[in-house]
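Structure first, commentary second.
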Amino acid sequence: MSCDFDKVIDRKNTNSIKWDFAAERGMPEGLISMWVADMDFTAPREVLDDIHRAVEHGIFGYSEVKQDYYDVLAEWFENHYGLKFGRQDVIKTPGVVFGLAACVRALTKPQDAVIIQTPVYYPFYNIIQDNNRKLVTNPLKYENGKYSIDFDDFEKKVKENSVKLFILCSPHNPVSRVWSKDELEHINKICVKYGVIIVSDEIHCDFVYAPYEHTSCGLINVDAIIATSPSKTFNLAGLQAANFIVRNVKYRQLIREEISRTGYSQLNTLGLVACQSAYTHGKKWLERLKEYLTGNIGITRKFISERLPRIHLVEPQGTYLLWLDFSAYGFSQEKLDRLIVQEAGLWLDTGTMFGKEGEGFQRINIACPRTTLETALERLEMVFGRIN
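Start counting the sequence shown at 18; every next residue gets the next number (this note's numbering).
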């Protein structure tokens, strides 16, 4: 299996959101793009081969999948995480965010309260507020450079707001926390106590680094809805394929009915091919990718520790998205963003995209060739290393 992660691939002029739309998003041209969560690596060779075969067939009619699609999906999650489910439990959607929004509409009513843990992946805010639900936040505790769940605040907010749904981010984006089994059991206990439905976004579950281990919320609560996708793991986001694991019959029926109301019926033909191929052939490729990303994390950690000590790297336990704390500089978010973009020539995700708790932070995507990462770190040093 070939996988040259050091190879720099020019993604310009490919309609890449990450690389081709700077002006449209108010950014100058020529930045190193390390923001949106897709990788600058090609998908596994076997996946590309299967897509090529489908393209060469030449007919792109309406498509469905057979039992072998569900078999490889179930095998992946049982072998990696001990999560068991059947064909009947799988709801296919054109992306995790689409599916999360469907869950919000299907399982709650207008004005019902939905709780999230901030700072968090910004579409969580949108799918709650855009669907006329009440947004409730449970800010994570940030102490001594580490994040943890404020369980007392979580229970207080759930009780006071009669929360109906909890959207969990596991592993957590952007703070890179991998929730322990004890933490998940504690949060689940509160949800069960107050009748709160759990929807767990586990799209980053395949990126967890030793000694940490991913515990699926589905192992803690059989009624928890688990959102999965090969898009992050195998760099397939543009093919728009996701799978929701819904073992509660009532929830599953409600979600299917809601999706039907949107007029959606079938996944993209090539998305189906890629998803099945990735879960069939992608294990070795993923192992090598994680080794490479672990190396990138180590380089970033060492560089910041030795040459940019005022920046705090929140220890990454999972994902390929690192959370950098610039608060020691005392800059406003506006000034911090300006330095990053105008002087360092980098396009990162500004911390406040993830909520007010992201003030003073930046998120950087390190799923790129090492030379790209090293250049970006040197640009950071050029700007922030000279600030007293």
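From the three backbone atoms N, C-alpha and C, an ideal C-beta is built for every residue, glycine too.
Supposed close pair residue i, residue j - CB separation, criterion 8 Å
i	j	result
residue 136	residue 347	In fact, because the Cβ distance is near 19 Å, the residues do not count as touching under 8 Å.
residue 80	residue 286	4 Å
residue 176	residue 142	Going by Cβ atoms, the distance from residue 176 to residue 142 rounds to 22 Å, so no, they are not a contact pair.
residue 129	residue 150	6 Å
residue 47	residue 362	7 Å
residue 336	residue 155	Actually they do not touch by this definition, with Cβ atoms about 20 Å apart.
residue 221	residue 249	6 Å
residue 122	residue 304	Actually they do not touch by this definition, with Cβ atoms about 38 Å apart.
residue 245	residue 259	7 Å
residue 125	residue 65	Not a contact, Cβ separation roughly 40 Å.
Given residue i as reference, the closest of the options once Cα atoms are compared
i	options	result
residue 227	30, 334 and 82	334
residue 263	54, 34 and 91	91
residue 432	284, 192, 52 and 98	With the chain covering 18 to 405 only, the question about residue 432 has no answer from this structure.
residue 111	326, 288 and 196	288
residue 134	367, 162 and 218	218
residue 315	157, 383, 93 and 214	383
residue 257	28, 33, 115 and 59	115
residue 377	363, 343 and 294	343
residue 353	205, 44, 172 and 401	401
residue 399	386, 358, 370 and 104	358
residue 32	41, 387 and 25	41
residue 159	405, 404, 386 and 330	330
residue 247	94, 283 and 199	94
residue 311	387, 87, 234 and 204	387
residue 109	283, 405, 305 and 303	283
residue 163	132, 144, 146 and 341	341
residue 43	145, 395, 75 and 364	364
residue 208	322, 194 and 180	180
residue 99	236, 20 and 266	236
residue 117	126, 97, 393 and 145	145
residue 166	397, 35 and 196	196
residue 157	170, 360 and 405	170
residue 119	36, 381 and 216	216
residue 471	131, 206, 54 and 126	In the structure as shown, the chain starts at 18 and stops at 405, and residue 471 therefore has no counterpart that could be examined.
residue 153	372, 273, 390 and 61	372
residue 83	292, 39, 139 and 229	292
residue 96	254, 231, 404 and 271	231
residue 360	404, 59, 280 and 324	404
residue 224	37, 69 and 309	309
residue 320	29, 213, 266 and 391	391
residue 113	234, 186 and 324	186
residue 161	301, 345 and 349	345
residue 269	389, 394 and 106	106
Backbone secondary structure at residue i - three-state DSSP
i	result
residue 216	strand
residue 153	strand
residue 185	strand
residue 451	Lying outside 18 to 405, the shown extent of the chain, residue 451 is not represented and no answer is given.
residue 277	helix
residue 404	coil
residue 26	coil
residue 266	helix
residue 239	coil
residue 180	coil
residue 147	coil
residue 386	coil
residue 40	helix
residue 271	helix
residue 230	coil
residue 45	coil
residue 253	coil
residue 205	helix
residue 139	coil
residue 21	coil
For residue i: DSSP bridge partner residues
i	result
residue 159	164
residue 379	341 and 367
residue 261	108 and 244
residue 225	335
residue 193	According to DSSP, which records beta bridges pairwise, residue 193 is partnered with nothing at all.
residue 50	364
Worksheet entry | Those runs of the beta strand (DSSP E) which lie wholly inside the stretch 53–136 and span at least 3 residues | 107–110 and 130–133
Worksheet entry | Runs of alpha helix (DSSP H) wholly within the stretch 282–366 (minimum 4 residues, chain order) | 286–298, 300–324 and 350–355
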